[in-house]
Amino acid sequence: MERIAAKYVYTLEGKDPIVEGYVAFDDTGCIRSVGPCTDYASEAVRYDGALVPGFVNAHCHVELSYMKGLFRKGTGMAGFIDQINALRDTCPQEEKVAGIARWMQTLWDRGVSAMADISNCADSFAVKAASPLYTRTFLEVFGTEPQDVPAVMEGAFRLQDSARALGLDAAPTPHACYTMSPELLTASSAAALSAGFLSYHSEESEEEEMMLRYGNGPMYENRVKAGMRTPPVTGDSSLMYFLDRLEKVHPAPYDEHVLLVHEVCMDRPGMEAVKARFRHAFVALCPLSNIFIHRALPPVREMRSAGMRLCLGTDSLSSNDDLDMVREMFCLQENFPDIPFGEILDWACLGGAEFLSKEDELGTLSPGKHPGIVLIDHLDRDGRLTTASTSRRLVASAVRRDRP
Ligand SMILES: [Zn+2]
Numbered sequence: 001m002e003r004i005a006a007k008y009v010y011t012l013e014g015k016d017p018i019v020e021g022y023v024a025f026d027d028t029g030c031i032r033s034v035g036p037c038t039d040y041a042s043e044a045v046r047y048d049g050a051l052v053p054g055f056v057n058a059h060c061h062v063e064l065s066y067m068k069g070l071f072r073k074g075t076g077m078a079g080f081i082d083q084i085n086a087l088r089d090t091c092p093q094e095e096k097v098a099g100i101a102r103w104m105q106t107l108w109d110r111g112v113s114a115m116a117d118i119s120n121c122a123d124s125f126a127v128k129a130a131s132p133l134y135t136r137t138f139l140e141v142f143g144t145e146p147q148d149v150p151a152v153m154e155g156a157f158r159l160q161d162s163a164r165a166l167g168l169d170a171a172p173t174p175h176a177c178y179t180m181s182p183e184l185l186t187a188s189s190a191a192a193l194s195a196g197f198l199s200y201h202s203e204e205s206e207e208e209e210m211m212l213r214y215g216n217g218p219m220y221e222n223r224v225k226a227g228m229r230t231p232p233v234t235g236d237s238s239l240m241y242f243l244d245r246l247e248k249v250h251p252a253p254y255d256e257h258v259l260l261v262h263e264v265c266m267d268r269p270g271m272e273a274v275k276a277r278f279r280h281a282f283v284a285l286c287p288l289s290n291i292f293i294h295r296a297l298p299p300v301r302e303m304r305s306a307g308m309r310l311c312l313g314t315d316s317l318s319s320n321d322d323l324d325m326v327r328e329m330f331c332l333q334e335n336f337p338d339i340p341f342g343e344i345l346d347w348a349c350l351g352g353a354e355f356l357s358k359e360d361e362l363g364t365l366s367p368g369k370h371p372g373i374v375l376i377d378h379l380d381r382d383g384r385l386t387t388a389s390t391s392r393r394l395v396a397s398a399v400r401r402d403r404p
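First residue of the sequence shown: 1, per our numbering; consecutive thereafter.
1. Taking the alpha carbon of residue 157 as the reference point, which residue from 370, 140, 284 and 146 has its own alpha carbon closest?
2. To which residues does DSSP link residue 55 through a beta bridge?
3. By a C-beta neighbour count over all protein chains shown, 10 Å radius and 16 as the cutoff for buried, is residue 415 buried or exposed?
4. Given a cut-off of 8 Å, decide if residue 241 and residue 212 are closer than it, judged by their beta-carbon atoms.
5. Roughly how many angstroms separate the alpha carbons of residue 183 and residue 155, rounded to a whole number?
6. Sort out for me which residues DSSP pairs residue 310 with in a bridge.
7. Distance, Cα to Cα, residue 7 vs residue 47?
8. Identify whether residue 37 lies in helix, strand or coil by the three-state DSSP scheme.
9. Using a threshold of 7 Å, is the CB atom of residue 293 nearer than that to any non-hydrogen atom of ligand 1?
10. For a test of the three-state rule: what should DSSP assign to residue 255, helix, strand or coil?
11. Quick check: the segment 218-226 against the segment 185-199, are there 3 or more CB pairs under 8 Å?
12. Tell me which residues share the same chain as residue 28 and place their Cβ nearer than 8 Å to its Cβ, disregarding the 5 neighbours each side in the sequence.
13. Could you please give the first and the last residue of the uninterrupted beta strand (DSSP E) stretch that includes residue 173?
14. So residue 80 is in the alpha helix (DSSP H); what residue range does that whole segment cover?
15. Given the structure, does residue 378 come close to ligand 1, in the sense that its CB is under 7 Å from one of the ligand's heavy atoms?
16. Given the structure, does residue 261 come close to ligand 1, in the sense that its CB is under 7 Å from one of the ligand's heavy atoms?
17. Given a cut-off of 8 Å, decide if residue 313 and residue 121 are closer than it, judged by their beta-carbon atoms.
18. Determine which residues share a DSSP beta bridge with residue 342 and list them.
19. Could you compute how far the alpha carbon of residue 146 sits from the alpha carbon of residue 289?
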């Protein structure tokens with residue numbers, strides 16, 4: 001049994017930290033007890049910072065790690081898609097895999113214990129299978145031509161077979177309304193829901209909303225110019241269009257876990273519609289990615305007051321300078337200073353654990369769990385993050401895979 005103490009211990013069983021607290025754990029990393037120190041000064045191992053559970057990164061595309069530093073910022077969604085298409089095949093395979101391995105290690109060392117990770121190909125599978133960092137892999141599909149649906153889904157199921165052969169939890173998932181035919185959106189959603197987990201890029205930009213509501217805007221023009229089909233103009237938000245396509249899989253209510261990624265343009269009717277239909281709906285905030293592409297942030301206060309369950313993700317190095325949960329939390333803290341740090345931390349740890357159905361193992365420093373223990377340092381006098389704050393893993397996590 002080991003025991004470590006720190007100025008603050010965030011168990012995340014409540015929002016407030018224990019001041020001058022300790023965590024005791026066994027050699028498997030299983031938490032045995034947590035509490036306030038009776039004599040802090042006499043604790044053998046004391047850290048000047050906060051002990052927190054391992055993070056759950058709710059949205060990443062680790063396979064795009066080779067794209068770090070290649071993108072122009074603030075281009076909006078249409079410009080971003082042009083850049084990704086131009087850059088996708090510019091890097092040798094060994095360099096791509098080496099980048100994935102390096103960033104998986106960095107994520108782990110900085111305290112990420114689990115991750116919802118998007119894959120369009122098999123590049124990251126072997127690295128993820130060998131990593132102690134638990135991942136659920138979302139095999140994302142695109143395709144604007146309805147006649148391509150069988151071939152696209154067949155490709156996704158082939159990828160699922162190779163991921164599962166390596167022991168990964170993986171299933172297909174839809175990408176976003178603007179890259180898919182309505183038929184493919186429904187077919188891939190059906191595959192995701194039958195696996196129990198769906199992750200979907202939703203309402204990421206004003207351009208996406210204009211496309212669906214009015215059939216105009218830069219993204220719409222780009223697609224038309226490229227001779228691609230565009231989604232139907234519905235006169236309503238892109239989120240409502242997604243909910244309509246889901247109804248074609250099966251009617252609400254939904255017991256499956258559904259993660260809406262970004263939601264920069266989410267409005268109150270959208271929040272109410274999500275709450276009415278889903279028993280386990282989650283929103284993944286990726287604030288630094290939103291600033292990188294759109295110079296915009298999601299309506300976090302409104303989401304919070306509507307009772308949306310929030311998670312936090314880094315997105316990929318194509319739209320972020322780093323994969324660092326502390327920087328994402330700091331961005332939220334700076335832009336929404338009225339939200340307590342303990343609550344932002346809850347989104348970064350327990351929110352993602354609940355989405356992945358791993359809250360019995362991860363997300364809080366509770367006796368019996370194996371969440372990993374992470375130190376966040378360089379806090380200010382009020383225990384909040386500063387520009388100098390970093391995180392590092394002190395204790396490993398242990399997570400069971402869902403598949404035998
Ligand atoms: Zn993404």
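Just so it is clear, CB atoms sit at the ideal spot from N, CA and C, and this is done for glycine as well.
None of these values were measured; they are calculated from a predicted model.
Checking against the coordinates, here is how it stands:
1. The residue from 370, 140, 284 and 146 with its alpha-carbon nearest to that of residue 157 is 140.
2. 112
3. Because residue 415 is not part of the residues shown, which for the chain are 1 to 404, the question remains open.
4. yes
5. 16 Å
6. 283
7. 7 Å
8. Correct three-state label for residue 37: coil.
9. no
10. strand
11. no
12. 370 and 398
13. 169-174
14. 76-87
15. no
16. Relative to ligand 1, the nearest heavy atom lies less than 7 Å away from the CB of residue 261.
17. no
18. Looking at the DSSP assignment, residue 342 forms no beta bridge with any residue, so it has no partner.
19. 30 Å
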